[in-house]
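Worksheet for the structure shown next.
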Amino acid sequence: MRMELADIRKDYRLEALDEKQINRNPLRQFESWLIEALEAKVNEPTAMVLATATPDGIPSARVVLLKAFSDQGMGFFTNYSSRKGAEIELNQKVALLFHWPELERQVRIEGIATKTSATASDDYFHSRPFESRLSAVISDQSQVVPDREYLEKLWEGQQFKSVENMIDRPSNWGGYLVEPYRIEFWQGRPNRLHDRILFSRKGDKWDISRLAP
């Protein structure tokens, strides 16, 4: 099978990105863009691609949801026994990618992932809907299962023996904080001359540079 894709293209004309006007703190610039994505009601504005790799360089990527943001970085929650959890345990360097096509923007982030405190993980876990907490309890994430019926029976069985406010966070489930050391802001522009502004951490400061598209 062969698909003809060469003629699929889009012209970008919405905004410009000038290093003279950008916020000198990339976390504040990210916050500004995230707010604009939320206000524009883009589809899944907090969705981000999380890329991890084994110590010998085998990569894997998946979409997760941004669930915390502060001056320290970006946070998400997951099963620590999953493939991403196992890879982060051995290699804490990760990459994140936000893509907001409605705004013709991307944000690329590289950083170090560390586990959040048990208190932070507990607080978020207990803020989740009852059904989501049940799924976290029964799911042995990334492991092979016989079929979907197997999962549904586990979920139903746990539902019958669980009281809504009495589900404890599994010890292998919790949060990660990604502390960035490299953040790139990408704004689509006409003629493929896209704006790319890169922030690189140098100690307590950030160097700013423009990259060729």
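Heads up: the sequence shown is residues 19 to 231, going by this note's numbering. Note that the Cβ used here is the ideal one computed from N, Cα and C, for glycine as well.
Problem set entry | Pair within 7 angstroms by beta-carbon distance, Ile215 and Glu49 | No, the pair does not count as a contact, with Cβ atoms beyond the cut-off.
Problem set entry | Anticipated Cβ contact below 8 angstroms, Phe116 with Gln124, distance rounded | 7 angstroms
Exercise. Within 10 angstroms of its Cβ, does Thr96 collect 16 or more other Cβ (buried), or is it exposed?
Worked result: buried
For this session: Rounded to whole angstroms, what's the CA-CA distance from Thr72 to Asn190? Just pull it up for me.
Result: Answer to the nearest angstrom: the Cα atoms are 19 angstroms apart.
For this session: Given a cut-off of 7 angstroms, decide if Gly91 and Val162 are closer than it, judged by their beta-carbon atoms.
Result: No. Outside cutoff.
Problem set entry | Gln70, buried or exposed, once every other Cβ within 10 Å from all chains shown has been counted against 16 | One detail in the question is off: residue 70 reads as Thr in this sequence, not Gln. Result: buried.
Exercise. If you check the beta carbons only, do Ile156 and Gln176 fall under 7 angstroms apart?
Worked result: yes
Exercise. Which stretch, first to last residue, makes up the beta strand (DSSP E) that contains Leu114?
Worked result: 111-118
Exercise. Out of curiosity, what's the CA-to-CA distance linking Phe217 and Val82?
Worked result: 23 angstroms
Problem set entry | Three-way DSSP call (helix, strand, coil) for Pro164 in this model | coil
Exercise. According to DSSP, which residues form a beta bridge with Trp191?
Worked result: Asn97
Exercise. Taking one C-beta from the stretch 25-35 and one from the stretch 60-69 each time, how about it: are there three or more such pairs within less than 8 angstroms?
Worked result: no
For this session: Determine, using beta carbons only, whether Pro147 and Arg31 come nearer to each other than 7 angstroms.
Result: no
Problem set entry | Which residues DSSP lists as bridging Pro198, in chain order | Gly129
For this session: Go ahead and pull the three-state DSSP assignment for Ile226.
Result: strand
For this session: Quick one: measure Cβ to Cβ for Lys133 and Gly193, integer angstroms, because I've assumed they're closer than 8 angstroms.
Result: 7 angstroms
Exercise. Which residues in the same chain as Val112 place their Cβ atom closer than 7 angstroms to its Cβ, once the five residues preceding and following it in sequence are excluded?
Worked result: Leu68, Ala69, Thr70, Ile106, Gly129, Ala131, Val196
Exercise. Does DSSP put Ile156 in a helix, a strand or coil?
Worked result: helix
Exercise. Taking just the CA atoms, how far does Arg166 sit from Leu172?
Worked result: In a straight line, the C-alpha of Leu172 is about 10 angstroms away from that of Arg166.
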